[in-house]
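Peer 1: Residue numbers (the working numbering): 1372 to 1591. The beta-carbon is built from N, C-alpha and C at its ideal position, and this holds for glycine as well. Pasting a structure below so you can have a look.
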Amino acid sequence: MECSCPRASGIAMRIAIFFNLAIGVALIVFGCKVQNPPKDFAPVAFVILGTLNLFSSLLGFWGSYHKKRVLMGFLVCGGFSTLLQIGLVIALLFSFDTVMDKIEKPTAPNYDKVAKTLSISRWVLLGFVVVEIFTITMAVLLRFVIKEEQPYNSFDAETAQQRTSTLSNLARDIEKFASKSKTMGERAYDKVRSKMAAKYGNYSATDSDWKSKAKISWRT
C-alpha cells in the first residue's frame, strides 16, 4: 500500500509531537525536583518551559492533520519555547555555579544532590532541544513546503472511462431486471385471470355490461 508524502510527514510529525509532550512533562518534573516549590531562576524556567511544551504539543498534534493556521500557532509557541530552552542550556553550561548558588548555598546539606540533578538536567535539556528542532522542522515543511493531498488528483481520463463503463453496465442490468420483473408480473396476472375465468366464467362481458348500466343510471 502506497503512502503519500503528506500523510507520511503528518505521521512523522505526530510521532515527534509525542516526544515533545514527554519532554514537557519531564521539564516540569525536573523543575520540581531541583526545587520544590520552584522559586528561583532555573526551577521556574523548567516549569514554564514544560508548560509551554505541553501547550505547543497540543497545537502541533492538531496541526499535523494539515491545519495550516494551527501549525502556525505551533511554530510560534514551539519556536519561542525552543529559544528559551537554548538560553537556559547556555546559562547552565557557562554559568552553572552562579545558577546553582541562587538555588542552594554551598553550605546547604542537600547542595551536592541538587547540583548533581541540575548538572544532569542541562545535558538532558540539550537533547530535548535537538528533538524540538526536528519537530519544528517538520512543522515548517507541513506548513510551507508539503501540499495537502487532494482526493481527486489521480482522477484521469482512463479512470473516468472505466467509471462510465461501469455505470453503463449497471444501467443495462437494471433495465433487464425491470423488463424481467414486468414479464413475470404479466404472466402472473394472466395466470390468475385464467383461473378466475375457469372458475367463474368469462366475466369480461359482464363487467362491461355492468359498467354500461352504471353509466346510464348515473346519467339519469
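Measure the CB-CB distance between A1383 and M1509 and report whether it falls below 7 Å.
Peer 2: Closer than 7 Å, so yes.
Peer 1: Hey, could you find the ends of the alpha helix (DSSP H) D1411 is sitting in?
Peer 2: Premise fails: D1411 is in no alpha helix (DSSP H) and is neither H nor E.
Peer 1: Would DSSP call I1457 helix, strand or coil?
Peer 2: Here I1457 carries a helix assignment [DSSP, helix/strand/coil].
Peer 1: When the distance is taken between beta carbons, is A1397 closer than 7 Å to V1470?
Peer 2: no
Peer 1: Tell me, to the nearest whole angstrom, how far the beta carbon of G1421 is from that of G1449; I am working on the premise that it is less than 8 Å.
Peer 2: At roughly 13 Å, the Cβ-Cβ gap does not stay under 8 Å, so G1421 and G1449 are not in contact.
Peer 1: Could you check the C-alpha separation between R1493 and I1504 for me, to the nearest Å?
Peer 2: C-alpha separation (whole angstroms): 17 Å.
Peer 1: Going by DSSP in three states, C1374 sits in which element: helix, strand or coil?
Peer 2: Residue placement at C1374 is poorly supported in this model, since its pLDDT is 44, which falls under 50; the coordinates are not used for a value here.
Peer 1: Return the chain-ordered list of same chain residues with a C-beta closer than 7 Å to the C-beta of I1386, the five sequence neighbours on each side being excluded.
Peer 2: Result list for I1386: empty, nothing under 7 Å.
Peer 1: So, for L1459: in the same chain, excluding its five sequence neighbours on each side, which residues have a beta-carbon less than 6 Å away from its beta-carbon?
Peer 2: A1416
Peer 1: Output the distance between the C-alpha atoms of F1639 and R1534, rounded to the nearest integer angstrom.
Peer 2: Limits of the chain in this structure are 1372 at one end and 1591 at the other, which puts residue 1639 out of reach.
Peer 1: Quick check on the burial criterion: 16 or more other C-beta atoms within 10 angstroms. Buried or exposed for S1536?
Peer 2: S1536 counts as exposed, since fewer than 16 other beta carbons sit within 10 angstroms of its beta carbon.
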